[in-house]
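Asks:
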Amino acid sequence: MTQDKPYAIGIDLGGTKIIAAIVDQNGCILSQANAPTQKEDEADAVILRIGDLVQSVLADSGVGLAQIRGIGIATAGIIDTHRHMVIFASNLNWSDVAIGDRLHERFGVPVQLINDANAAAVAEWAFGSASGTDDLIYVTVSTGVGAGIISGGRLITGIGDSAGEFGHISLDPEGPLCACGNRGCLENYVSGLALAKMAQEQLQSGTASSLRTCTTGELSRITAKEIGEQAQSGDALSIDLLRQAGYYLGVGLTNLIHLFNPQVIVFGGGVMNNGQILLEEAQRVIRQRCISRMASQATIQLSTMGAEAGVLGAAGMYFPAARKKVAV
Ligand SMILES: [Zn+2]
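The numbering of the sequence shown is the working numbering, which starts it at 22 and goes up by one.
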């Protein structure tokens, strides 16, 4: 039956943009389209817009609904994959939105939800450079930190679709209180927000750095992007901040490797766009601390998927065979 349905539709539902794409079993995108989203938009209007994007990519590609296995939706926030609902998404201001049922009513094909870190993991697993391994962890270092864990050929979701909260493992039992309720969470040392906050504190205390001038003195505008760029230009403070973040990331990754014994760890997310210093330091810590056999079995690499990881992972849920193609 599935031979007659060679395509799936992937939707990446973000806080500023929706991307829709028709994807085949090799991860090729036949057609894609996008539209803006804003926090003020009503959920109904956003779902309507997603439906219109689906119509548009179908029309552009000449693919009929009869050839579509299903629609996958990747989104941030808390989801219920059994009821196909977004339970809570702060970036969209959504709570209890039955997006799956709504799109199923309109198109009559299966609809599945997946969180964005898991979608990126499935994209790497099905179509990326890590395709073929059944033990893969995708780590995103962006505004926050998260992970999608594939172990023994299964995406680990947990009972409530919340597994993989790598950003909220504690690295210091007495560390700063995190919004999640825990203390000393990794996200407080490694994320884009954490890097920006530490940079601002250092600059306020008088540390010399080219970061001071690159945002024309407005310290609140410093983000991980500027820190990455200034580090590339040799700024000592930026390099120090990334090394420190890399140290904590390495401690966290050592825990992940000890728990899951992965074959591949793939990194993505905005902070990793300038992530070489961070990654080198993390790898140094892993070599120093990790059980050596497990460290040597884990290949660490940067994602090559780019902005399409969300749609590819959302669609990739419908192509289980793609994940078994080749050995790494
Ligand atoms: Zn936390």
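The beta carbon of each residue, even a glycine, is placed where N, CA and C say it ideally should be.
Is the beta carbon of Ala-330 closer than 8 Å to that of Val-168?
Replies: For the purposes of this step, residue 168 is taken as the residue at position 147 of the sequence shown. For the purposes of this step, residue 330 is taken as the residue at position 309 of the sequence shown. A quick correction: the sequence has Ala, not Val, at residue 168. For Ala-168 and Ala-330, no; Cβs fall outside 8 Å.
Asks: Mapping the DSSP letters down to three states, classify Val-349 as helix, strand or coil.
Replies: Taking the first residue of the sequence shown as 1, we reach residue 349 at position 328. For Val-349, the pLDDT reaches just 33, beneath the cut-off of 50, and the residue's location in the model is therefore unreliable, although a value from the coordinates is still provided. Residue state, collapsed to three classes: coil.
Asks: Determine the burial state of Gly-238: buried for a count of at least 16 other Cβ atoms within 10 Å of its Cβ, exposed for fewer.
Replies: Here the question's residue 238 lines up with position 217 in the sequence shown. Burial call: exposed.
Asks: Using a Cβ-Cβ cutoff of less than 7 Å, which residues in the same chain neighbour Tyr-339 once the five nearest sequence positions on both sides are dropped?
Replies: Counting from 1 along the sequence shown, the entry for residue 339 is found at position 318. Around Tyr-339: Ala-29, Arg-90, Gly-91, Gly-93.
Asks: Measure the alpha-carbon distance for Ala-95 versus Ala-42 and round it to whole angstroms.
Replies: If you number the sequence shown from 1, residue 95 lands on position 74. If you number the sequence shown from 1, residue 42 lands on position 21. Ala-95 and Ala-42: Cα-Cα distance of roughly 12 Å.
Asks: DSSP three-state label for Asn-350, please.
Replies: Missing from the structure shown is residue 350; the chain here goes from 22 to 349 and no further.
Asks: Leu-124 and Ile-177 - do their beta-carbons sit closer together than 8 Å?
Replies: The sequence position of residue 177 within the sequence shown is 156, counting from 1. The sequence position of residue 124 within the sequence shown is 103, counting from 1. No, they are not a contact pair.
Asks: May I ask whether a heavy atom of ligand 1 can be found less than 7 Å away from the beta carbon of Asn-276?
Replies: Within the sequence shown, numbered from 1, the residue matching residue 276 stands at position 255. Flag unset: Cβ of Asn-276 not near ligand 1.
Asks: Cβ of Ile-170 within 8 Å of Cβ of Trp-146?
Replies: As a first step, residue 170 is located in the sequence shown; it is residue number 149 there, counting from the start. As a first step, residue 146 is located in the sequence shown; it is residue number 125 there, counting from the start. The answer is no: Cβ separation not under 8 Å.
Asks: Mind reading off the beta-carbon distance from Leu-214 to Thr-164? Whole number of angstroms is fine, and I expect it under 8 Å.
Replies: By 1-based counting over the sequence shown, the position of residue 214 is 193. By 1-based counting over the sequence shown, the position of residue 164 is 143. Indeed, because the Cβ distance is near 6 Å, the residues count as touching under 8 Å.
Asks: Within its chain, find whatever has a CB closer than 6 Å to the CB of Tyr-159; leave out the 5 residues flanking it on each side and keep chain order.
Replies: Residue numbering aside, residue 159 sits at position 138 when the sequence shown is read from its first letter. Correct list, in chain order: Ala-141, Ala-142, Glu-145, Gly-169, Val-287.
Asks: Tell me the rounded alpha-carbon separation between Lys-38 and Arg-314.
Replies: Within the sequence shown, the letter at position 17 stands for residue 38. Within the sequence shown, the letter at position 293 stands for residue 314. Taking the CA atoms as reference points, Lys-38 sits about 43 Å from Arg-314.
Asks: With DSSP as the reference, identify every bridge partner of Asn-351, one or two as the case may be.
Replies: Only positions 22 to 349 of the chain appear in the structure, and residue 351 is not among them; the question remains open.
Asks: Beta-carbon within less than 8 Å of Glu-63's beta-carbon, same chain only, minus the 5 sequence neighbours each way: which residues are those?
Replies: Taking the first residue of the sequence shown as position 1, residue 63 is located at position 42. Here Glu-63 has no same chain residue with a Cβ atom under 8 Å from its own Cβ, once five neighbours each way along the sequence are excluded.
Asks: Which runs of the alpha helix (DSSP H) fall wholly inside the stretch 56 to 98 and span at least 4 residues, in chain order?
Replies: Those alpha helix (DSSP H) runs which fall completely within the stretch 56 to 98 and span 4+ residues are 64 to 82.
Asks: So which residues put a beta carbon under 5 Å from any heavy atom of ligand 1, going in chain order?
Replies: His-189, Cys-199, Cys-201, Asn-203, Cys-206
Asks: Quick check on Phe-288: does DSSP put it in helix, strand or coil?
Replies: By one-based count along the sequence shown, residue 288 stands at place 267. Strand at Phe-288.
Asks: Any idea if Glu-126 is buried or exposed, counting beta-carbon neighbours within 10 angstroms, 16 or more meaning buried?
Replies: As a first step, residue 126 must be located in the sequence shown, where it is residue number 105. Exposed: under 16 other Cβ atoms inside 10 Å.
Asks: Here's the rule: buried if 16 or more other CB atoms are within 10 angstroms of the residue's CB, otherwise exposed. What is Cys-201?
Replies: Stepping through the sequence shown from its first residue, residue 201 is reached at position 180. Exposed, because fewer than 16 other Cβ atoms sit within 10 Å of the Cβ of Cys-201.
Asks: Gly-48 and Leu-333 look like a contact to me (Cβ under 8 Å); what is the Cβ gap, rounded to whole Å?
Replies: Position 27 of the sequence shown holds residue 48. Position 312 of the sequence shown holds residue 333. 6 Å between Cβ atoms; contact.
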